[in-house]
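Student: When you line the sequence shown up against UniProt numbering, it's residues 1 to 442, in that order.
Backbone N, C-alpha and C define an ideal beta-carbon position, used for all residues, glycine too.
Got a structure here, written out as structure tokens. Questions coming.
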Amino acid sequence: MTAAVDRFRELLRIPTVSHVDEEHTNWSAFAEFAAALERLYPATHAALSRETVDEHSLLYRWRGRTAEESLVLMAHMDVVPVVAAEWDHDPFGATLVGAGDDATIHARGAIDDKGALVGILEAVESLVSEEYVPAHDIYLAFGHNEETAGGGARALARTLKENGIRPALVLDEGGAVVDGAIPGISIPTAMVGVAERGIMTVVLTARESGGHASTPLRLPATARLARAITRLSRRPFHARISPPVRAMFRTLSTSAPGALGWAFRHIRLTAPLVALVLSRLGPEMNATVRTTAVVTELSGAPAENVLATTARASVNVRILTGETVASVRERMRRVIADPKVEIDVRHDSEPSPISPWRGEPWRRIATAVATAIGPDVVTTPYLQSGATDSRWFTGLSENVYRFAPFHLSKGEREALHSHNERIRVESWLAGVRFYRSLMTAS
């Protein structure tokens, strides 16, 4: 599989960085990436049709023996920006560190999300070369701006809808195979997102008359805004166990020891206590049991000796299943309790519908996990904390799942969107086998 790793590293070296202001995006890198895919995967491009959607996203169709009950495999080409000085290796050098089972590729996008994209293409290329014909049509939907606007994925979903495509299964990035992510659970678990939290950006604005900093008001705009932020921080949203998380605990209850197993088996009774405990066990666990709101941007006066006439804060909100954009905004209004602080929703997306964790599509994923990654891995539903492109596909299928088939350590997960993003070669190759297994079961 050395050739596969070489192809992966070559694609990781192409800096397909997306920016919120798309005027700053280097679109030539995306053109280079698309051309490289065609060159590196000739059998795939000979057997599958490919069209460009929304200028840069790619949609492939692999015709099967029937067009019904199709499979959609999703990934995205773009990656988040880097601060190169923070990295131990060149973020676009795709440096291979170590050997054997310890061999690791360091690069932006190694996990998020070129690991999945290239893994899918490796699986398709090998199957096409073996003259395999899938039982049902398979679509590959590769977005170009998941990390920013997500418009590419929306256009891909719209294209499928206009062509009457109703997939039996949609799989995007999301959870992974992890060890010890749930307190008390030591077995490896494949965390498959059956739903994801909603997302909204709220802008808080405080206005005052301004003036010289030498004669400040009793409560200037910056202080009023700071008070609002402090109130939000001190009164977080209530912790609770949503249906996907409840299902996760029931699935894992047989692997949990003693009192913990009992608590998981009787989660209807123990949910309030379990939610409270989990909310205090770090950011990953906290994000599974509550709506989160965090200030990410601040602005005030244009100079150090000027009172701000307008002070603003952007609040990134991730909405737990069971709550809505409207209910979150109303609670923020009550908590801030200051009519002079404006609360405006810049953009929003409701929590996704919940996909079933029973039935044939779910069994296909679980079987592929057991076949490609290991029979000792327990596949469990869970709530995806971040937003993915798959949210635009929930109108096409009831079976939309979020799972990247890579065994990741805590450190590897924490490197996502941070410095030193990396993936172990062994883990990535198991992911390629997962995609092969999933496609041959279609």
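Would you decide whether A99 is buried or exposed? Buried here means 16 or more other CB atoms lie within 10 Å of its CB.
Tutor: Burial call: exposed.
Student: Among the candidates R234, L232, T270, Y401, whose CA atom is the shortest distance from the CA of R250?
Tutor: Ranking the options by Cα distance to R250, first place goes to T270.
Student: State buried or exposed for V192, treating a residue as buried only when at least 16 other CB atoms are found within 10 Å of its CB.
Tutor: So V192 counts as buried.
Student: Is the distance from the Cβ of W87 to the Cβ of H419 below 7 angstroms?
Tutor: Taking 7 angstroms as the Cβ cut-off, W87 and H419 qualify as a contacting pair.
Student: Assuming H76 contacts E146 under a Cβ cut-off of 8 angstroms, what Cβ separation, rounded to an integer in Å, is found between them?
Tutor: That pair is a contact at about 4 angstroms.
Student: According to DSSP, which residues form a beta bridge with H266?
Tutor: H266 is not bridged to any residue.
Student: L383 by DSSP, collapsed to three states: which one?
Tutor: Here L383 sits in strand by DSSP.
Student: Measure how close the beta-carbons of S390 and D172 come, nearest whole angstrom, since I'm counting them as under 8 angstroms.
Tutor: Rounded, the Cβ-Cβ distance is 4 angstroms, consistent with contact.
Student: Which partner residues does F403 have in the DSSP bridge list?
Tutor: Paired residues: G175.
Student: Thinking C-alpha only, which one of E421, G431, A441 is nearest H89?
Tutor: Taking only the C-alpha atoms, the option nearest H89 is E421.
Student: Between the beta-carbon of P167 and the beta-carbon of S70, is there less than 7 angstroms?
Tutor: In contact: P167 and S70 (Cβ atoms closer than 7 angstroms).
Student: My assumption, with CB atoms under 8 angstroms, is that F8 sits in contact with W428. Please give the rounded CB distance.
Tutor: Contact flag correct, Cβ pair sits at about 7 angstroms.
Student: Suppose contacts are defined by Cβ-Cβ distances below 7 angstroms. Is L121 in contact with Y41 by that definition?
Tutor: For L121 and Y41, yes; Cβs fall inside 7 angstroms.
Student: Which same chain residues, not among the five before or five after G180, have their C-beta less than 7 angstroms away from its C-beta?
Tutor: Cβ within range, chain order: S186.
Student: Distance, Cα to Cα, Y139 vs A46?
Tutor: Distance between the alpha carbons of Y139 and A46 is about 15 angstroms.
Student: Where does M74 fall in DSSP's three states?
Tutor: It is a strand residue.
Student: Looking only at C-alpha atoms, which of L11, D54, A107 sits nearest to R158?
Tutor: Nearest option by C-alpha distance: D54.
Student: Could you round the C-beta distance between H407 and V177 to whole angstroms and report it? I think they count as a contact, below 8 angstroms.
Tutor: About 4 angstroms; that satisfies the 8 angstroms criterion.
Student: Cutting at 7 angstroms between CB atoms, please list the residues of its own chain near P244, excluding the five before and the five after it.
Tutor: Within the same chain, P244 has close Cβ partners V194, A195, T321, I354, P381, Y382, L383.
Student: Taking 8 angstroms as the cut-off, does the region 410-419 touch the region 330-344 (at least 3 CB pairs, one atom from each stretch)?
Tutor: Contact fails: fewer than three Cβ-Cβ distances are below 8 angstroms.
Student: Where E68 and G282 are concerned, what is the direct C-alpha to C-alpha distance, given to the nearest angstrom?
Tutor: So the alpha carbons of these two residues sit roughly 44 angstroms apart.
Student: Would you give the residue range spanned by the alpha helix (DSSP H) that E162 belongs to?
Tutor: First-last of the alpha helix (DSSP H) with E162: 151-162.
Student: According to DSSP, simplified to helix, strand and coil, what is W357?
Tutor: Of the three classes helix, strand and coil, the one that applies to W357 here is coil, per DSSP.
Student: Leaving out five residues on either side along the sequence, give the residues of the same chain with a beta carbon under 6 angstroms from the beta carbon of T309.
Tutor: The residues are G210.
Student: Starting from N286, follow the alpha helix (DSSP H) in both directions and report where the run begins and ends.
Tutor: 283-289 is the span of the alpha helix (DSSP H), which, as asked, contains N286.
Student: Specify the secondary structure class of G374 as computed by DSSP and reduced to three states.
Tutor: In the structure shown, G374 sits in coil (DSSP, three-state: anything other than H, G, I, E or B).
Student: Please return the same chain residues whose Cβ sits closer than 7 angstroms to the Cβ of F142, not counting the five positions on each side in sequence.
Tutor: S57, L58, A75, H76, M77, L117, listed in sequence order.
Student: Taking the straight line between their C-alpha atoms, what separation do you get for L73 and V170?
Tutor: Their Cα atoms are separated by approximately 6 angstroms.
Student: Only counting the same chain, and skipping five residues up and downstream in sequence, which positions put a Cβ closer than 8 angstroms to that of V83?
Tutor: Only H419 meet the Cβ criterion.
Student: On the three-state DSSP scale, how would you describe V133?
Tutor: V133: coil per DSSP, three-state reduction.
Student: Who are the Cβ neighbours of G152 in its own chain at under 6 angstroms, not counting the five residues just before and after it?
Tutor: Excluding positions up to five away in sequence, the list reads D54, S57, G143, H144, N145.
Student: How many Å lie between L96 and A103 at the Cα?
Tutor: If I take the Cα positions, the gap works out to 7 angstroms.
Student: Looking at the strands, I want to know which residues DSSP matches up with D344.
Tutor: Bridge partners of D344: V203.
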